[in-house]
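Asker: Just so you know, we're using our numbering here: the sequence shown kicks off at 693 and counts up by one. Every residue, glycine too, gets a C-beta built ideally from N, C-alpha and C.
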Amino acid sequence: MTHNDEHQKDARVEGDSSRPALLDEQAIVYNFAFGSNIFPPAKLHLRGKDSTSGGVQFNAFQPARLRGYRLAFSMLGFPPAEPSMGSIEPLTERDLAFQGTPSEAFRTLGHFNLHTDGWMYGSLIELTRSEYEKLWISEGGGLPPERRGYREIVVECETMDGTPVRAIAFQATERSRTAHAADVVPSRRYLNLIQNGASQLDGIPRAYRDKLAGVPELSPLPGWLRSLSFSLLVTLFQLLAWLPARPSNRLRRAVQLLGMVPHYAHVWCSQRGVAWRAVGTALVCAFVLPVSLPLLVAQTASKLSTRVRSYRTSARTQATKETKS
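1) Within 10 Å of its beta-carbon, does N888 have 16 or more other beta-carbons around it, so buried, or fewer, so exposed?
2) What number of angstroms, rounded off, separates the C-alpha of Q1010 from the C-alpha of R1001?
3) Assuming the contact rule is C-beta atoms closer than 8 angstroms, P794 and G760 should be a hit. Round their C-beta distance to whole Å, please.
4) Just to confirm, are I1035 and L714 a CB contact at a threshold of 8 angstroms?
5) Thinking C-alpha only, which one of K735, V721 and I720 is nearest G727?
6) Measure the alpha-carbon distance for T808 versus A899 and round it to whole angstroms.
7) Assuming Y842 and G832 are in contact, meaning their beta carbons sit under 8 angstroms apart, how far apart are those beta carbons, in whole angstroms?
8) Pick helix, strand or coil for R840, following the three-state DSSP scheme.
9) Per DSSP, A761 forms a beta bridge with which residues?
10) Per the DSSP calculation, A725 is bridged to which residue(s)?
11) According to the Cβ coordinates, are S779 and A864 closer than 8 angstroms?
12) The alpha helix (DSSP H) with A773 in it runs from where to where?
13) Check whether the Cβ atoms of A756 and E850 sit closer than 8 angstroms, and answer yes or no.
14) What's the gap between the Cα of Y1003 and the Cα of A946?
15) With N805 and R762 assumed to form a contact (beta carbons below 8 angstroms), what rounded beta-carbon distance in angstroms separates them?
16) Please state the DSSP three-state secondary structure of S766.
17) Check this for me: beta carbons of L835 and V748, under 8 angstroms apart or not?
18) What are the uninterrupted segments assigned as beta strand (DSSP E) that are 3 or more residues long and contained completely in the stretch 841-894, given in chain order?
19) Using DSSP's beta-bridge definition, name the partner residues of Q754.
20) Within 10 Å of its beta-carbon, does L872 have 16 or more other beta-carbons around it, so buried, or fewer, so exposed?
21) Does the distance from the C-beta atom of S815 to that of L893 stay below 8 angstroms?
22) Hey, quick one: how far does the alpha helix (DSSP H) through E825 stretch, first residue to last?
23) Taking the C-alpha atoms as reference points, what is the distance between L885 and F862?
24) Please state if the CB of L801 and the CB of R821 are separated by a distance shorter than 8 angstroms.
25) P856 and S776 - do their beta-carbons sit closer together than 8 angstroms?
26) Please state if the CB of R880 and the CB of S766 are separated by a distance shorter than 8 angstroms.
27) Use the C-beta contact count for G895: other C-beta atoms within 10 angstroms, 16 or more gives buried, fewer gives exposed.
28) Among K1013, R858 and D875, which has the Cα closest to the Cα of P664?
29) Whole angstroms is fine: what's the gap from A752's alpha carbon to S891's?
30) Under DSSP, the alpha helix (DSSP H) around L801 begins and ends at which residues?
31) Does DSSP put L835 in a helix, a strand or coil?
32) Which residue wins for smallest C-alpha separation from G906, given the options G854, R867, A773 and G792?
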């Protein structure tokens, strides 16, 4: 039986069968963070931030470790802007037996094999239940279960002095997970958040930080193309939120799979010098421009239409007031 099978037997929160009962058992919730939230002071103040909130407020945090899992980049994002996000995957005997660099593991296993001696490392974040809910919603938890990118699983992690703690970790759902939990080379921006965060956590072993440093690095796109890619990402999220679940899932998967072609072409080219890098950039343009421009035009037209309607409503209101006076 795998770790995941055991976690699925955990009782569920009343009213939502997808959520662990651990949330109702204690007022304080521990989150095991391993991705962009690995160093809470650098990121959590931006999570769940709106006009009435200053982001997610945490009580405390400390380095922690989790046995039997590896850090994975198996949550498929929207290439080429954000090709993948962090998740955790159970280790196999083959993973544990493999000795080699992340690049060698990627070629042999299909993933970077990010663990040291069967342990992966992260941050154990202590939050009140209400603040945890803000964090969960910022990770897509406010969506219906069938549309979420992450699911909550209960893990038995340890502080660095060996104290066991039951915590909740976020794992990619089957909907958002890559086939066979294969890793996808992440963006430099996302990878740097994890690398820098781990370097600021006292107690994370050097061997683990060295493995993070060995993850292949994708050269960033030119600024204008990166901005256009992020505009495409935001527009797609808005479109997917508007569509019903089934068409949304199909469109999401289609865009992701199409985007993988220029993404890996860019990865391959970026490792072969300046001239090849230009070829990779051209391939990304060939994907981004035809997809993004119609979406951006439609989004701009929608905004203009909204402004015109608002102007007409305001004009009619003003005319009514003048008539009455």
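Answerer: The relevant details are as follows:
1) Here residue 888 corresponds to residue number 196 of the sequence shown, with the count starting at 1. It counts as exposed.
2) Mapped onto the sequence shown, residue 1010 falls at position 318. Mapped onto the sequence shown, residue 1001 falls at position 309. Each residue's Cα considered, the two are about 14 angstroms apart.
3) As a first step, residue 794 is located in the sequence shown; it is residue number 102 there, counting from the start. As a first step, residue 760 is located in the sequence shown; it is residue number 68 there, counting from the start. About 19 angstroms separates the two Cβ atoms, so there is no contact after all.
4) Within the shown structure, residues of the chain are numbered from 693 to 1017, placing residue 1035 beyond reach of any answer.
5) By 1-based counting over the sequence shown, the position of residue 727 is 35. Here the closest residue by C-alpha is K735.
6) Indexing the sequence shown from 1 puts residue 808 at position 116. Indexing the sequence shown from 1 puts residue 899 at position 207. Cα to Cα, the separation comes out at about 7 angstroms.
7) On the sequence shown, residue 842 is found 150 positions in, with the first residue counted as 1. On the sequence shown, residue 832 is found 140 positions in, with the first residue counted as 1. Confirmed, about 6 angstroms.
8) Position 148 of the sequence shown, counting from 1, holds the residue named residue 840. R840 falls in the coil class under three-state DSSP.
9) Translated into positions along the sequence shown, residue 761 becomes position 69. Checking the sequence shown, residue 761 turns out to be Tyr, not Ala. Per DSSP, P782.
10) Numbered from 1 along the sequence shown, position 33 holds the residue referred to as residue 725. BP columns for A725 point to S815.
11) As a position in the sequence shown, residue 779 is number 87, starting the count at 1. As a position in the sequence shown, residue 864 is number 172, starting the count at 1. The answer is yes: Cβ separation under 8 angstroms.
12) Residue mapping note: residue 773 aligns to position 81 of the sequence shown, counting from 1. First-last for A773: undefined, no H or E at that position.
13) To locate residue 756, count along the sequence shown from 1; it is residue 64. To locate residue 850, count along the sequence shown from 1; it is residue 158. Cβ atoms of A756 and E850: closer than 8 angstroms.
14) As a working note, residue 1003 is residue 311 in the sequence shown. As a working note, residue 946 is residue 254 in the sequence shown. If I take the Cα positions, the gap works out to 38 angstroms.
15) Within the sequence shown, the letter at position 113 stands for residue 805. Within the sequence shown, the letter at position 70 stands for residue 762. Sure, about 6 angstroms apart at Cβ, within 8 angstroms.
16) As a working mapping, residue 766 is identified with position 74 in the sequence shown. In this structure, S766 counts as strand in the three-state DSSP scheme.
17) Position 143 of the sequence shown, counting from 1, holds the residue named residue 835. Position 56 of the sequence shown, counting from 1, holds the residue named residue 748. Taking 8 angstroms as the Cβ cut-off, L835 and V748 do not qualify as a contacting pair.
18) If we require 3 residues or more, the beta strand (DSSP E) runs fully inside the stretch 841-894 come out as 842-851 and 856-864.
19) Translated into positions along the sequence shown, residue 754 becomes position 62. Note: Q754 sits in a beta bridge opposite L816.
20) As a working note, residue 872 is residue 180 in the sequence shown. A small correction: the amino acid at residue 872 is His; Leu does not occupy that position in the sequence shown. With fewer than 16 Cβ atoms within 10 Å of its Cβ, H872 is classed as exposed.
21) The count along the sequence shown starts at 1 and reaches residue 815 at position 123. The count along the sequence shown starts at 1 and reaches residue 893 at position 201. Cβ distance < 8 angstroms, so S815 and L893 count as in contact.
22) The residue you call residue 825 lines up with position 133 of the sequence shown. That run of the alpha helix (DSSP H) goes R821 to W828.
23) Mapped onto the sequence shown, residue 885 falls at position 193. Mapped onto the sequence shown, residue 862 falls at position 170. Approximately 17 angstroms, taken between the alpha carbons.
24) Your numbering for residue 821 matches position 129 in the sequence shown. Your numbering for residue 801 matches position 109 in the sequence shown. Result no, Cβ atoms of R821 and L801 do not sit closer than 8 angstroms.
25) Position 84 of the sequence shown holds residue 776. Position 164 of the sequence shown holds residue 856. With a cutoff of 8 angstroms on beta-carbon distance, S776 and P856 are scored as not near each other.
26) For this step, residue 766 is matched to residue 74 along the sequence shown. For this step, residue 880 is matched to residue 188 along the sequence shown. No, the pair does not count as a contact, with Cβ atoms beyond the cut-off.
27) Within the sequence shown, the letter at position 203 stands for residue 895. When all chains shown are included, G895 counts as exposed.
28) Nothing can be reported for residue 664: it is not among the residues displayed for the chain, which extend from 693 to 1017.
29) One-based indexing of the sequence shown puts residue 752 at position 60. One-based indexing of the sequence shown puts residue 891 at position 199. Each residue's Cα considered, the two are about 18 angstroms apart.
30) Taking the first residue of the sequence shown as 1, we reach residue 801 at position 109. P794 to L801 is the span of the alpha helix (DSSP H), which, as asked, contains L801.
31) Numbered from 1 along the sequence shown, position 143 holds the residue referred to as residue 835. If DSSP states are grouped into helix, strand and coil, L835 belongs with coil.
32) Start at 1 with the first residue of the sequence shown, and residue 906 comes out as number 214. When each option's Cα is compared against that of G906, the closest is G792.
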